[in-house]
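Colleague:
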Amino acid sequence: MPDKVKILIIDDEQVMRDGCTRILSRDGWTVITAENGHQGLDEIRRHPSEIDLILLDLMMPGLSGMETLERIREIDSNLLVVVITGHATVESAVEAMKKGAYDFTSKPFTPDQLRLVVRRALERRLLQKETEFLRRERERSLRDIAAEKSKLKTIINCMGDGVLVCDSESCIALTNPAASRMLAMPELQLLGSISSECNLPPELLTTIEKSLNTLDSGYVSISQELCIGNTANLYLRAHTAPVRSDSGEIMGSVTVLQDISYLKELDKMKSDFIAMVAHELRAPIATVEQQLNVILNKMAGEITEKQEQLLRRAKERTKGVLDLIRDLLDLSKIEAGKMVQYKESVSLQEVVSRVVELINIEAAAKKISLEFVSTSATPHINADRNSMEGIFTNLISNAIKYTQEGGSILVRLEDDNSFVKISVTDTGIGIKQEDISRIFDRFYRVKSSETRQIVGTGLGLSIVKSIVDAHLGSIMVESEEGRGTTFTILFPKEVKSAECAVENVLT
Amino acid sequence: MGKKILVVDDDPDLVETTSIILKSKKYDVIAAYGGIEGLEKARNEKPDLIVLDVMMPDKDGYSVCKELKADPDLSGIPVLLLTAVVANIPTTRFTQRMGMETEADDFIDKPVEPQVLVERIEALLAKQ
Chain F
1 MPDKVKILII
11 DDEQVMRDGC
21 TRILSRDGWT
31 VITAENGHQG
41 LDEIRRHPSE
51 IDLILLDLMM
61 PGLSGMETLE
71 RIREIDSNLL
81 VVVITGHATV
91 ESAVEAMKKG
101 AYDFTSKPFT
111 PDQLRLVVRR
121 ALERRLLQKE
131 TEFLRRERER
141 SLRDIAAEKS
151 KLKTIINCMG
161 DGVLVCDSES
171 CIALTNPAAS
181 RMLAMPELQL
191 LGSISSECNL
201 PPELLTTIEK
211 SLNTLDSGYV
221 SISQELCIGN
231 TANLYLRAHT
241 APVRSDSGEI
251 MGSVTVLQDI
261 SYLKELDKMK
271 SDFIAMVAHE
281 LRAPIATVEQ
291 QLNVILNKMA
301 GEITEKQEQL
311 LRRAKERTKG
321 VLDLIRDLLD
331 LSKIEAGKMV
341 QYKESVSLQE
351 VVSRVVELIN
361 IEAAAKKISL
371 EFVSTSATPH
381 INADRNSMEG
391 IFTNLISNAI
401 KYTQEGGSIL
411 VRLEDDNSFV
421 KISVTDTGIG
431 IKQEDISRIF
441 DRFYRVKSSE
451 TRQIVGTGLG
461 LSIVKSIVDA
471 HLGSIMVESE
481 EGRGTTFTIL
491 FPKEVKSAEC
501 AVENVLT
Chain H
1001 MGKKILVVDD
1011 DPDLVETTSI
1021 ILKSKKYDVI
1031 AAYGGIEGLE
1041 KARNEKPDLI
1051 VLDVMMPDKD
1061 GYSVCKELKA
1071 DPDLSGIPVL
1081 LLTAVVANIP
1091 TTRFTQRMGM
1101 ETEADDFIDK
1111 PVEPQVLVER
1121 IEALLAKQ
């Protein structure tokens, strides 16, 4: 008990009060006394919920012990009362017990007897207090849970994103106003229905089923775009993931819906703008380059050596601008999510070996040996094939650009737990430590006497990084100046759900 | 006598340079500065080959090509499409697909290298 135990003795006999006080104080308990029933009741009122035990003499002048007991019970029925009976009359003790006294002891008693009965009563008191404490705790946690639930409910209801929670039987267990607005279905129609019976977009249904049947124990979330309504004026992005219990078994799924219609609109404006730039900016430069080509090929008459030299440089500059436009368009396409929209099962082994084969001519022209080693057993990832070709073309041709004649480049494909790891290692000029952190920045180009002759837009690696990011992968670079550079990319392996596995067998 | 080649492009500078390239190889060149004019000249002149730009304001190269191939008199003339679509890997597939759909016989990304243009034209004519 945290507080010091307080015992009240109500007895008209001075000797009894003093005697009991002496005995009980010795055991470390605080004792207060009262000479008669009224005084005793006053003491109880003065120290509410402080008194742990009352020793009450039944035979007192004035207010009788029995009446005092009744009044005590009226003040607080939890108060523990041990009655002291003067002449060992069992009847009055029984009557007192009936009226709610906890125990009794009869006079005369030895100090040990007194201690025994007090201790027993106090143990009871302790249990009483603990019970009370636990009851309050429970009440409070129930209140907390209720508050938490209400808070969560409010948060979910206020969210601009739609929420759709299904249980393991794919019955909709929770939804919010945003979801019912986006799906154009009243909340009541959604709640409690089996998801397949309430007109959800079929693609979303498939995803929910897939999510509920996920075999992989890792975190798997499926994102997809949905088109609502016949006029296709509402576009949603849906993220669906399974909910697991402590033991890892799937208890349901959560789907979060985002309205991306305005993004789609922006995307269209961006595409229109890009098309405009591509034509209006690129076309005249392409014309200039073609004119230069004709002059350089002496088709418009002879030119002097100096003129030819100047025109060749001019052509290099137009080519630079065309490359820049191409990279800019690539980048804006990636940002618009266009380049990685068509994800499919792609074998990196196949992609990389094709790129290596195509690019080998460039390497051979510089007398650089280009080797591809694959030890991966399952090199399949979920990716956009063209983007994959793009990033490996970029990394390997970079390696060729920054490696001197006679050097070598090693492309390696291997498994790394749930990732596929691809590294491109060259024996080139390397990257200075201070440049490493910036090479993925847009338009950043390492400037040194060795790189001056190398043509580039400074966008290539930034594009590579954007593509890697869009595939939830990571890219790292290690380099030693003068010794060479290694780029390492990790992609998460394809996640197989029950259905996916079947699809893969079929294709 | 040299073979007759029709060059269709809305950019007069490109028509001029393409003509210079072709004339240097002793081809006879007819110029058209738009899709509609191109179709008309194809019908009147019956060229041996058509070099056709894709992006033209009045009628784009795909539509012109479709009409040419739909006309039994003209469908035998090889068409070489000049695409301004940015030449990178992702769009090459798109270009190829569009090229196939319009039944063009070959396509080159702009700007063209004179040798490449000449080689492709020679290859197309050799097939005839």
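Chains F and H supply the protein sequences, listed in that same order.
In terms of the working numbering, the first sequence opens at residue 1 and continues consecutively.
In terms of the working numbering, the second sequence opens at residue 1001 and continues consecutively.
By construction, the Cβ of each residue, glycine as well, lies at the ideal position given by its N, Cα and C atoms.
What residues in its chain sit with their C-beta under 6 Å from that of residue 20 (chain F), if we drop five residues either side in the sequence?
Modeller: So the qualifying residues of the chain are 9.
Colleague: Can you give me the start and stop residues for the beta strand (DSSP E) that residue 6 (chain F) sits inside?
Modeller: Per DSSP, residue 6 (chain F) belongs to the beta strand (DSSP E) from 6–10.
Colleague: Identify the contact partners of residue 1017 (chain H) in chain F, using a Cβ-Cβ distance below 7 Å as the criterion.
Modeller: Per Cβ cutoff of 7 Å: 290, 291 and 294.
Colleague: Residue 171 (chain F) by DSSP, collapsed to three states: which one?
Modeller: Strand, per DSSP.
Colleague: Kindly indicate which residue of H:1036, H:1043, H:1073 and H:1045 has the alpha-carbon position closest to the one of residue 1053 (chain H).
Modeller: Measuring from the Cα of residue 1053 (chain H), the nearest candidate turns out to be H:1036.
Colleague: Give the residues from the segment 1007–1039 of chain H that approach chain F closer than 9 Å (Cβ to any Cβ), ordered along the chain.
Modeller: Answer set for the segment 1007–1039 of chain H: 1011, 1013, 1014, 1016, 1017, 1018, 1020, 1021, 1023 and 1024.
Colleague: Which residues, in chain order, does the segment 1056–1069 of chain H contribute to contact with chain F at a C-beta distance below 9 Å?
Modeller: Result list empty, no residue passes.
Colleague: Does any residue of chain H bring its CB to less than 8 Å from the CB of residue 287 (chain F)?
Modeller: Yes, its Cβ sits closer than 8 Å to a Cβ of chain H.
Colleague: Show which residues of chain H have a CB atom less than 9 Å away from the CB atom of residue 299 (chain F).
Modeller: Under the 9 Å cutoff, chain H gives 1017, 1020, 1021, 1023, 1024 and 1114.
Colleague: Does the beta carbon of residue 1111 (chain H) sit closer than 8 Å to a beta carbon anywhere in chain F?
Modeller: Chain F contact via Cβ: present.
Colleague: Can you grab the Cα-Cα spacing for the pair residue 265 (chain F) / residue 211 (chain F), in whole Å?
Modeller: Approximately 30 Å between the Cα atoms of the pair.
Colleague: Identify every run of the alpha helix (DSSP H) within the segment 49–99 of chain F, keeping only runs that are complete inside it and at least 4 residues long; order them along the chain.
Modeller: Fully enclosed alpha helix (DSSP H) runs of 4 or longer: 65–75 and 90–98.
Colleague: When the Cα atoms are used, what is the spatial distance from residue 94 (chain F) to residue 153 (chain F)?
Modeller: Each residue's alpha carbon lies about 56 Å from the other.
Colleague: Three-state secondary structure (DSSP) at residue 436 (chain F)?
Modeller: Reduced to three states, the DSSP call for residue 436 (chain F) is helix.
Colleague: Check whether the segment 1016–1035 of chain H and the segment 1058–1066 of chain H touch, using three or more Cβ-Cβ pairs below 8 Å as the test.
Modeller: In short, these stretches touch, since the Cβ pair count reaches three.
Colleague: Can you check whether the C-beta of residue 365 (chain F) is within less than 8 Å of a C-beta belonging to chain H?
Modeller: Output row for residue 365 (chain F): interface = no.
Colleague: Within 8 Å, do at least three Cβ pairs link the segment 1014–1021 of chain H to the segment 365–381 of chain F?
Modeller: Judged by Cβ distances under 8 Å, the segment 365–381 of chain F makes no contact with the segment 1014–1021 of chain H, as fewer than three pairs qualify.
Colleague: Tell me which same chain residues have a C-beta within less than 6 Å of the C-beta of residue 512 (chain F), skipping the five on either side of it?
Modeller: Given a span of 1 to 507 for chain F in the structure shown, any question on residue 512 (chain F) remains unanswerable.
Colleague: Tell me, to the nearest whole angstrom, how far the beta carbon of residue 482 (chain F) is from that of residue 430 (chain F); I am working on the premise that it is less than 8 Å.
Modeller: Sure, about 5 Å apart at Cβ, within 8 Å.
Colleague: In whole angstroms, what is the alpha-carbon distance linking residue 85 (chain F) and residue 46 (chain F)?
Modeller: Distance between the alpha carbons of residue 85 (chain F) and residue 46 (chain F): 26 Å.
Colleague: Determine whether the Cβ of residue 383 (chain F) lies closer than 8 Å to any Cβ atom of chain H.
Modeller: It does not: the Cβ of residue 383 (chain F) has no partner Cβ on chain H nearer than 8 Å.
Colleague: Which runs of the beta strand (DSSP E), 3 residues or longer, sit entirely within the segment 188–245 of chain F?
Modeller: You should have 222–228 and 234–244.
Colleague: Could you tell me the boundaries of the alpha helix (DSSP H) in which residue 149 (chain F) lies?
Modeller: It spans 111–158 - the alpha helix (DSSP H) in which residue 149 (chain F) sits, taken as one unbroken run.
Colleague: Could you say which of F:76, F:385, F:175 and F:34 lies nearest to residue 354 (chain F) if we only look at CA atoms?
Modeller: Taking only the C-alpha atoms, the option nearest residue 354 (chain F) is F:385.
Colleague: Can you tell me the Cα-Cα spacing of residue 114 (chain F) and residue 137 (chain F), whole angstroms?
Modeller: Near 34 Å, if we compare the C-alpha coordinates of residue 137 (chain F) and residue 114 (chain F).
Colleague: Our contact map puts residue 223 (chain F) next to residue 239 (chain F) with C-beta atoms below 8 Å; I'd like the distance itself, whole angstroms only.
Modeller: Indeed they touch by this definition, with Cβ atoms about 5 Å apart.
Colleague: Please name the residue in F:166, F:424 and F:207 whose C-alpha comes closest to that of residue 395 (chain F).
Modeller: For the residues F:166, F:424 and F:207, the minimum Cα distance to residue 395 (chain F) belongs to F:424.
Colleague: Using alpha carbons as the reference points, say which of F:419, F:422, F:426 and F:414 lies closest to residue 403 (chain F).
Modeller: Comparing Cα positions, the closest option is F:426.
Colleague: Between residue 1090 (chain H) and chain F, is there a C-beta pair that is closer than 8 Å?
Modeller: The predicted model places residue 1090 (chain H) with a pLDDT of 38, which falls under 50 and marks its position as unreliable, so this point remains unresolved.
Colleague: List the whole-angstrom C-beta distance separating residue 1125 (chain H) from residue 1104 (chain H), where the pair is believed to meet the contact cut-off of C-beta under 8 Å.
Modeller: At roughly 15 Å, the Cβ-Cβ gap does not stay under 8 Å, so residue 1125 (chain H) and residue 1104 (chain H) are not in contact.
Colleague: Inspect the CB distances between the segment 237–251 of chain F and the segment 143–160 of chain F and report whether three or more fall short of 8 Å.
Modeller: Not touching, per the Cβ criterion.
Colleague: Quick one: is residue 1095 (chain H) near chain F, going by C-beta distance under 8 Å?
Modeller: With a pLDDT of 45 at residue 1095 (chain H), under the threshold of 50, the modelled position of that residue is not reliable, and the figure given next carries that caveat. Not an interface residue.
Colleague: Alpha carbon to alpha carbon, how far is residue 130 (chain F) from residue 61 (chain F)? Give it in angstroms, no decimals.
Modeller: C-alpha separation (whole angstroms): 37 Å.
Colleague: Which class does residue 1056 (chain H) belong to by DSSP, given the choice of helix, strand or coil?
Modeller: Here residue 1056 (chain H) sits in coil by DSSP.
Colleague: Between the C-alpha atoms of residue 179 (chain F) and residue 151 (chain F), what's the straight-line distance to the nearest angstrom?
Modeller: Distance between the alpha carbons of residue 179 (chain F) and residue 151 (chain F) is about 18 Å.
Colleague: Please return the same chain residues whose Cβ sits closer than 6 Å to the Cβ of residue 410 (chain F), not counting the five positions on each side in sequence.
Modeller: Counting only Cβ-Cβ distances below 6 Å, and skipping sequence neighbours, we find 371 and 425.
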